[in-house]
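> Quick note on numbering: the sequence shown equals residues 4 to 414 in the working numbering.
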Amino acid sequence: MTKIAVVECIPEKKLDCSKEILKNFEKHNWVYLAPPKDQTKIPTSSTLPEGEGIIISSGGSLGGPNLCFQSLKNLTNSALSTGKWLKNHGLKPNECIILNSLPLHHISGFMPWWRHQTWGSGYYWISNSIMHKPLQLKQFSEALTNKHRRPLITSLVPTQLLSLIDDPDGLEWLQSLAIIWVGGSMLPTDLADKARRKSIKLAPCYGSTETVAMVTCLSPQDFLKGSNSVGFPLEDVEIEINKRNSLKIKTSRIATSKWKNDKFESIADSNGWWEAGDLAQYITLDNRTAIQILGRRDSAINSGGETIFPEDIEMELMKIISKHQIPIKDIFVLGVSDKKWGQRLIVLAKFKEKGIHRYPIIKLLTDLIKDWQPSKKPLKWYDCPKLSRNINKKWEVKKWQDWVALNSPIS
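1. Helix or strand or just coil, what does DSSP make of F2?
2. Which residue wins for smallest C-alpha separation from S340, given the options L36, L382, I334, I359?
3. With DSSP run on the structure shown, which of helix, strand or coil describes T219?
4. Can you give the Cα-Cα distance for I394 and L371, rounded to whole angstroms?
5. Using the Cβ count rule (16 or more neighbours within 10 Å means buried), how would you classify Y35?
6. Indicate whether R118 and S111 have their beta-carbon atoms separated by less than 9 Å.
7. Exposed or buried, T50, counting other C-beta atoms within 10 Å across all chains shown (16 or more means buried)?
8. What would DSSP say about L348, mapped onto helix, strand or coil?
9. Could you check what DSSP says for P363 in three-state terms: helix, strand or coil?
10. Could you tell me the distance, in whole angstroms, from the CA atom of Q376 to the CA atom of K322?
11. Kindly indicate which three-state DSSP category R247 falls into: helix, strand or coil?
12. Tell me, please, whether the segment 140-155 touches the segment 174-186 by the rule of three or more beta-carbon pairs shorter than 8 Å.
13. Between I296, R256, A271, which has its C-alpha nearest L190's C-alpha?
14. Count the other C-beta atoms from every protein chain shown that fall within 10 angstroms of the C-beta of S21, then say buried if there are 16 or more, exposed otherwise.
15. Determine the contact status of T2 and I133, defining contact as a CB-CB distance below 9 Å.
16. Straight-line CA distance for F267 to W344?
17. Who are the Cβ neighbours of R441 in its own chain at under 7 Å, not counting the five residues just before and after it?
18. Does the beta-carbon of N290 have 16 or more other beta-carbons within 10 angstroms, so that it is buried, or is it exposed?
19. With which residues is E241 paired in a DSSP beta bridge?
20. List the DSSP bridge partners of K266.
21. Which residue's Cα is closest to the Cα of E238: I45, S222, K87, I286?
22. What does DSSP give as the partner residue(s) for G56 in the beta ladder?
Printed below as a string of structure tokens:
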């Protein structure tokens, strides 16, 4: 009988965790990649799909997270597809050295390790502590390059890129890499522009847990020329965008099934298409059709006849907060119903300190954005000390909408 093995993905014990995963694959088990201190309810062995693979938490921006079942075959097909992309861009997968700093319980952190297993490439785990010490990071990579003379590749999320690019040693490290896949969230245009000016070889990509990571990717050459798209579909992927800009994906590696609300659900429709949670559009790049991500389908609002993506407003506000050293740790922007506008934006803010007077801080922020168009200006601001993302680093929209209904704005 197929069983579930739970592997707690402790950041300091990634090597031990990866060995445990391989042992369970040999036993034809499903392996639940559990975040540290996880309490997720998992299905019983009697209800499991046949075969082996990983169970990984996915999504959760609307309706809470669910568990995604990805078979061993899907994992390998994804790695092979990414390997073909590398070959098409002049790199031999087995000659690369992969540096991986991302969490093992996320698909973005699991797949670099599985690509290494599939390609036979070099591989090194990079700890969180070294990622926060750019000089050590640079010296470590220099030693690898001097010893092996092989291209270094990695995957980063935009927040990691942001923290490294402004540090001289971090910048040198970024510039030394042959490929930096960037995903996880939208890449801010000002950060992309800075990376271009510094000649950093970014390859913005789009993917999800349901598709075993990337399904589209932009080459560093196209990125450096100025494209802000996520490139073209990989060879084993079809993309469709409907009139409402909803993004649909078809690939042989769509997840086997998902476990949600104590039952299994199919992910793809009867024709093999899966509707992602993002809005997108086609753009022309060198006479080819590329993909540009617009924002989350479940968070987009219509305010005064204009479509607004709250995550764009979040990025702009966080830039202002950082530039002016405003004592706010994090914010979440979401839409609420409004009789006049249809919908308006509100902001939940987590302040850095307790006891400071909130109103003057919000007054300063509203003054700094006074020239924004009305539909993009937040209507209300809320003090939310417990503001946090879920285990997948996603905002749970419904949870915070319910919270807003029970709380009063800053006044």
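C-beta: ideal position from N, C-alpha, C; glycine also.
Looking at the atomic coordinates:
1. No statement about residue 2 is possible, as the shown extent of the chain runs from 4 to 414 and does not include it.
2. Within the sequence shown, residue 340 is the residue found at index 337, counting from 1. Measuring from the Cα of S340, the nearest candidate turns out to be L382.
3. Residue numbering aside, residue 219 sits at position 216 when the sequence shown is read from its first letter. DSSP, reduced to helix, strand and coil, places T219 within a strand of the structure shown.
4. In the sequence shown, residue 394 corresponds to position 391, counting from 1. In the sequence shown, residue 371 corresponds to position 368, counting from 1. If you take the alpha carbons of I394 and L371, they lie about 33 Å apart.
5. Within the sequence shown, the letter at position 32 stands for residue 35. Y35 should be labelled buried.
6. For the purposes of this step, residue 118 is taken as residue 115 along the sequence shown, with counting starting at 1. For the purposes of this step, residue 111 is taken as residue 108 along the sequence shown, with counting starting at 1. Their beta carbons are not under 9 Å apart, which means R118 does not touch S111 by this criterion.
7. Taking the sequence shown and counting its residues from 1, the one referred to as residue 50 is at position 47. Under this definition T50 is an exposed residue.
8. Here residue 348 refers to the residue found at position 345 when the sequence shown is read from its first residue. Strand.
9. Translated into positions along the sequence shown, residue 363 becomes position 360. Helix at P363.
10. In the sequence shown, counting from the first residue as 1, residue 376 sits at position 373. In the sequence shown, counting from the first residue as 1, residue 322 sits at position 319. Roughly 17 Å between the two C-alpha positions.
11. The residue you call residue 247 lines up with position 244 of the sequence shown. Three-state result, R247: coil.
12. yes
13. For the purposes of this step, residue 190 is taken as residue 187 along the sequence shown, with counting starting at 1. Among I296, R256, A271, the Cα nearest to that of L190 belongs to I296.
14. As a first step, residue 21 must be located in the sequence shown, where it is residue number 18. So S21 ends up on the buried side.
15. As displayed, the chain neither begins before 4 nor continues past 414, which places residue 2 out of reach and without an answer.
16. Residue 267 sits at position 264 when you count from the first residue of the sequence shown. Residue 344 sits at position 341 when you count from the first residue of the sequence shown. Distance from the CA of F267 to the CA of W344, rounded to the nearest whole angstrom, comes to 39 Å.
17. The question about residue 441 has no answer here: the residues shown for the chain are numbered 4 through 414.
18. In the sequence shown, counting from the first residue as 1, residue 290 sits at position 287. N290 comes out exposed.
19. Here residue 241 corresponds to residue number 238 of the sequence shown, with the count starting at 1. K253.
20. The sequence position of residue 266 within the sequence shown is 263, counting from 1. K263.
21. Translated into positions along the sequence shown, residue 238 becomes position 235. Comparing Cα-Cα distances from E238 to each of I45, S222, K87, I286, the minimum goes to K87.
22. Here residue 56 refers to the residue found at position 53 of the sequence shown. Answer is W33, S74, bridged to G56.
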